[in-house]
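Report on one structure; see the data block that follows.
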Amino acid sequence: MEKLSESFQMAPELQEIVRAALHDVMVLRPEDPIRYLATRLRDLNMDRKIREFPAETLERFRQQFDAADADASGYIGVDEFVNVSRLTSRHLEFFVTEEVLRQRFASIDTDGSGRINFDEFVRSQVCLLYTSPSPRDRG
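First residue of the sequence shown? That's 31 in the working numbering, and the numbers climb one at a time after it.
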């Protein structure tokens, strides 16, 4: 591993992410190690990004999550997600079909429980922040 990281001149924090992912592959021996490794690397990198967020940003995510959690269950169900997303899309003046919203819900619900917990919500928000074009890129 040391020679691999030296040849690519990875930053120390990335070396740790790669080391942890490779360790998991060796211990768990998944059926599709390449896919598992790619997913694990993405998750570990996401964890690193979340740890770097200021407390104020995480508090704002908590407020958004709590606002979407209409029944105060500690989870966002699919109907709550669809309702909040419709309000947001109306405010931003674009239309999204319920089918698309349900697909989006399923992509955020990574554990397949049928509901979004706070960690899944934060990951989705961080992913949006890192994949959305900046105002400068939008023209």
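Glycine included, C-beta positions come from ideal geometry on N, C-alpha and C.
Counting along the chain, D77 sits inside the alpha helix (DSSP H) bounded by residues 63-82. By alpha-carbon distance to E46, the top candidate from L74, R134, V156 is L74. Straight through space, the alpha carbons of F83 and M76 are spaced by roughly 11 Å. Leaving aside the five residues that flank V114 on each side, the residues in its chain whose CB is nearer than 6 Å to its CB run, in chain order, A98. Shown here for F125: same chain residues with a beta carbon closer than 8 Å to its own, the five before and five after excluded, namely S119 in chain order. For R145, the three-state secondary structure derived from DSSP is strand.
Counting only the Cα atoms, T127 lies some 32 Å from E86.
Of the residues assessed, R81 falls on the exposed side of the cut-off, its CB having fewer than 16 other CB atoms within 10 angstroms. Counting only residues of its own chain and dropping the five nearest sequence neighbours on each side, P63 has a CB closer than 8 Å to the CB of V55.
In this structure the segment 143-162 lies against the segment 98-111, because at least three pairs of beta carbons, one per stretch, are closer than 8 Å. Around the beta carbon of V156, 16 or more other beta carbons lie within 10 angstroms, which makes this residue buried. For T87, the uninterrupted alpha helix (DSSP H) segment begins and ends at 85-98.
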